[in-house]
Amino acid sequence: MTNLYPGIDALRLTKAVQLARLCPQSNGAFSVGAIVFDAAGVEISRGYSRESDPVVHAEEGALAKLDHDDERLRGATLYTSLEPCSKRASRPRSCTQIILDSGISRVVFAWREPDTFVTKCQGRYLLEERGIEVVELPELAVAAMQPNTHLLRSERVQ
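Residue 93 in full-length UniProt numbering sits at position 93 of the sequence shown, with consecutive numbering throughout.
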């Protein structure tokens with residue numbers, strides 16, 4: 001799918017990538033930042049991994065700050081530094097499922113989830129199958145990896 005908003009998406013995703021730097025470091029989870037903008041382009045929520053508890057994911061945290069029936073979620077875009085998880089060990093619902101349940105219509109991310117913790121992440125494909133527009137901006141992937149270099153180094157060693 002052609003990205004109709006390349007400049008705006010890059011700017012907003014850069015902010016989500018920078019937000020990941022606030023994450024308490026973990027050897028068992030990625031540091032991720034997420035920001036939600038409504039259809040009018042107003043930021044309505046943000047979150048980062050481990051912001052409120054040791055297992056909260058960025059997308060989960062950002063969406064938890066909004067009422068599940070908040071009308072601003074209809075047509076909203078979620079910007080996240082890492083592809084939303086499709087499976088997780090710490091909670092019954094993946095970020096992909098939380099996004100699907102929210103009413104968000106668009107997801108923009110920088111870095112595809114590697115097989116470090118969960119193999120063969122299907123977040124992007126599950127969202128697309130349900131009609132969510134998904135845009136990947138791989139030019140921001142290296143920046144999204146930066147707060148996670150300790151995890152990527154250990155992955156190469158093993």
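C-beta: ideal position from N, C-alpha, C; glycine also.
Given the structure is predicted, the values throughout are model-derived calculations rather than measurements.
Cα-Cα separation, E43 to D115: If I take the Cα positions, the gap works out to 31 Å.
Who are the near neighbours of D9 in its chain, counting only those whose CB is closer than 7 Å to its CB and skipping five residues on each side? Cβ-Cβ distances below 7 Å link D9 to N3, V108, V135 and L137 in the same chain, with the five nearest sequence neighbours on each side left out; the list follows chain order.
Measure the C-alpha to C-alpha separation of L100 and M145 and round it to an integer number of angstroms. Near 25 Å, if we compare the C-alpha coordinates of M145 and L100.
For a test of the three-state rule: what should DSSP assign to I35, helix, strand or coil? Strand at I35.
Cα-Cα separation, H150 to E129: Rounded to whole angstroms, H150 to E129 spans 33 Å at the Cα level.
Three-state secondary structure (DSSP) at A110? In the three-state scheme derived from DSSP, where H, G and I count as helix and E and B as strand, A110 is classed as strand.
Among the candidates A29, G75, Q122 and R50, whose CA atom is the shortest distance from the CA of F37? When only C-alpha atoms are compared, the closest one is G75.
Which residues share a DSSP beta bridge with E43? BP columns for E43 point to F37.
To the nearest whole angstrom, what separates the beta carbons of K23 and S49, a pair I think is in contact under 8 Å? Contrary to the premise, residue 23 reads as Cys rather than Lys in this sequence. Going by Cβ atoms, the distance from C23 to S49 rounds to 4 Å, so yes, they are a contact pair.
Whole angstroms is fine: what's the gap from F30's alpha carbon to F117's? In this model, F30 and F117 are separated by some 9 Å (Cα to Cα).
Beta-carbon spacing of residue 171, C121 below 9 Å: This structure cannot settle anything about residue 171, because the visible part of the chain is limited to 1 through 158.
What are the start and end residues of the beta strand (DSSP E) that includes V17? From DSSP, V17 is part of no beta strand (DSSP E) but of the alpha helix (DSSP H) over P6 to L19.
Counting C-beta neighbours from all protein chains within 10 Å, is the total for S90 16 or more, i.e. buried, or is it exposed? With fewer than 16 Cβ atoms within 10 Å of its Cβ, S90 is classed as exposed.
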